[in-house]
Amino acid sequence: MKIRPLLYSSASKLIVLCLTFSSCKKFIEVPIPVNQQATVTVFSDEATATSAVNGLYSSMMIQNFGILNSGITLYPALSADELINTNPNATISSFTENTLNSENTIIEFDLWKRSFNYIYQTNAILKGLSNSNSLSMAVKNQLMGEAKFVRALCYFYLINIFGDVPYIVTTDYQENSVAARVPKATIYNSIQTELQEASNLLGNDYPSTGKVRPNKWAAISLLARVYLYRENWAAAEQTASLVINSGIYSLSGLNNVFVANSTEVIWQLMPVLTFLNTADGLTFIPFSATVRPAYGLTAQLMNSFETGDQRLSSWTKSNIVSGVVYYYPFKYKVRSGSAVTEYNTLFRLPELYLIRAEARTMQNKIAEAKTDLNVIRTRAGLSNSSAGSQVSMVTAIEHERQIEFFAECGHRWFDLKRTGRADAVLGSIKTSWQATDALYPIPLTDIQTNPSLTQNPGY
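Going by the numbering used here, the sequence shown opens with residue 552, and the numbers climb by one from there.
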């Protein structure tokens, strides 16, 4: 396996090795403390400290199906109404059929352990930065802001996948080994505080070439999403407006949304493995026109596109195999290859418009909300929305989010759950659906090792 050298330097390898030594073990065990001498060495110099943080991003891209890579798109899309697996695989089918159990290895390793591994790394980075007297305040603030942002994002995904989870902000392995689950609302409060701190620490501009390291606007974008999920409508509107009005971002053409440095991208991760651009491209695009895709778009999703919606032709593609038409996601258009043109995109401008549209709708600011909604519809080649009431606007925004963010970062799965629509939508198309399926199970191995952990209902 070859790794592109730009981000993954020797210093970043050092810190990643120090901080991920326990990645193959149960998170709650974490038996080996961080190598203190290595940490001091890394954070005694601005170049190596920066490389350590860059190494965190590289580790995310190396782990193709981790929670901050293709995993956050694939598994929630299967659990929702977006994707089906076309090849027999009991482990994958358990997502599609909502028949997960606590021994599912994908949940254990790709979602649970990867998340806490990243959190452990950010905790160690923050500790190293706090103890360092060698770094300039500007560099220290930037790196601390990045680490806080990443930790907040990991916890955002964890609580929306599992509900209550342990909230770990230390590298103390003894404390971590008996950590109990913390209420989701409490963790949300901590996420908000962390993002507010991160936005104050981070600069307006990106600290390096491209958009591969978060700036102030990335933290504010996630904060706007958090306010939306918590139904703090006024704060969601105000915070989304900060990003929209920053003047830094603008909508791109549909075929250039997911390319490196797209004008609408707020934060994306740079590929580091030489044989591919993005894990999404490798996962969703068939290796030839004569084979069926591993994951096909559902009939429910395909039938939801309006006539004339250009996202249908730009963001989906099909193969005909044995007379059957299989549609698959084509947002990322490169399956593999050493020429890097696409980056893994995690935040982009349309989300802020739709956050603001929903927040305004819930405050009965219908005209303003419709203006935001129509920005996204116009880019897709559609006419303005005909919605005129609060109820019809809520429906229109749900639909627009379904189409704009299909097979992307778990948006549809999380939207159905946060709006209370999961039972109505998924219960009507999945015979095995139960309300308890809205949360994934806590891995059995961790429950067996940590007596403080409890299981989610239904598992």
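Positions of the beta carbon are idealized from the N, C-alpha and C atoms, including for glycine.
Compute the distance between the beta-carbons of residue i and residue j, then report whether it is under 8 Å.
i, j, result
"S653", "P1008", "no"
"V823", "K882", "no"
"L905", "I817", "no"
"W984", "L995", "no"
"V593", "G679", "yes"
"L990", "I998", "no"
"I954", "E909", "no"
"V604", "A675", "no"
"K921", "S936", "yes"
"F838", "R886", "yes"
"T1011", "L629", "This structure leaves residue 1011 out entirely; the chain is present only between 552 and 1010."
"L634", "T849", "yes"
"D661", "G606", "no"
"L773", "Q747", "no"
"K884", "Q819", "no"
"S602", "S683", "no"
What's the call for residue i, buried or exposed, on a 16-neighbour Cβ count within 10 Å?
i, result
"A890", "exposed"
"M821", "buried"
"M688", "exposed"
"T829", "buried"
"V942", "exposed"
"R776", "buried"
"G1055", "The structure shown does not extend to residue 1055, since the chain is modelled only from 552 through 1010, so no value can be given for it."
"F898", "buried"
"D632", "buried"
"R972", "exposed"
"A731", "exposed"
"F957", "buried"
"G847", "buried"
"T642", "exposed"
"Q614", "buried"
"N1001", "buried"
"Q1006", "exposed"
"A787", "buried"
"N711", "buried"
"I927", "buried"
"D988", "buried"
"A975", "exposed"
"A931", "buried"
"D723", "exposed"
"V810", "buried"
"N796", "exposed"
"E745", "buried"
"E659", "buried"
"A938", "buried"
"S574", "Low confidence applies here, because S574 scores a pLDDT of 37, under 50, leaving its location unreliable and the question unanswered by this model."
"I836", "buried"
"P556", "In this prediction, P556 scores a pLDDT of 36, lower than 50, which makes its location untrustworthy; no coordinate-derived value is stated."
"I738", "buried"
How many whole angstroms separate the CB atoms of residue i and residue j, which I take to be in contact at a CB cut-off of 8 Å?
i, j, result
"T834", "L651", "Contact doesn't hold; Cβ gap of about 20 Å is too wide."
"L686", "A598", "The Cβ separation is near 10 Å, so there is no contact."
"E857", "L933", "6 Å"
"A736", "A770", "In fact, because the Cβ distance is near 21 Å, the residues do not count as touching under 8 Å."
"I618", "Y708", "5 Å"
"Y718", "S741", "6 Å"
"N895", "N620", "6 Å"
"G696", "L752", "3 Å"
"I917", "M944", "6 Å"
"V716", "V733", "7 Å"
"M853", "Y879", "Actually they do not touch by this definition, with Cβ atoms about 11 Å apart."
"E959", "L924", "Incorrect: roughly 18 Å between the Cβ atoms, too far for contact."
Continuous beta strand (DSSP E) assignments of at least 3 residues falling wholly in the stretch 787-843: 816-820
3-residue-minimum beta strand (DSSP E) runs that sit fully inside the stretch 886-949, ordered along the chain: 895-899
Three or more C-beta pairs below 8 Å linking the stretch 783-797 and the stretch 905-914: yes
Three CB pairs or more closer than 8 Å across the stretch 629-644 and the stretch 840-847: Between the stretch 629-644 and the stretch 840-847 there are three or more C-beta pairs closer than 8 Å, enough to call the two in contact.
contact_flag[the stretch 696-707, the stretch 658-674] where n(CB pairs < 8 Å) is 3 or more: yes
Sufficient close CB pairs (3 or more, under 8 Å) joining the stretch 690-699 to the stretch 953-965: no
Every unbroken alpha helix (DSSP H) inside the stretch 671-736 [4 residues or more]: Residue ranges of uninterrupted alpha helix (DSSP H) with 4 or more members, entirely inside the stretch 671-736 and ordered along the chain, are 688-713, 724-727.
Validate contact between the stretch 780-789 and the stretch 853-869 using beta carbons, cut 8 Å, 3 pairs: no
Runs of beta strand (DSSP E) lying entirely within the stretch 625-649, each at least 3 residues, in chain order: 634-636
Secondary structure, beta strand (DSSP E): runs of 3+ residues fully inside the stretch 963-1007: none
Length at least 3, wholly inside the stretch 733-792: the beta strand (DSSP E) runs in chain order: none
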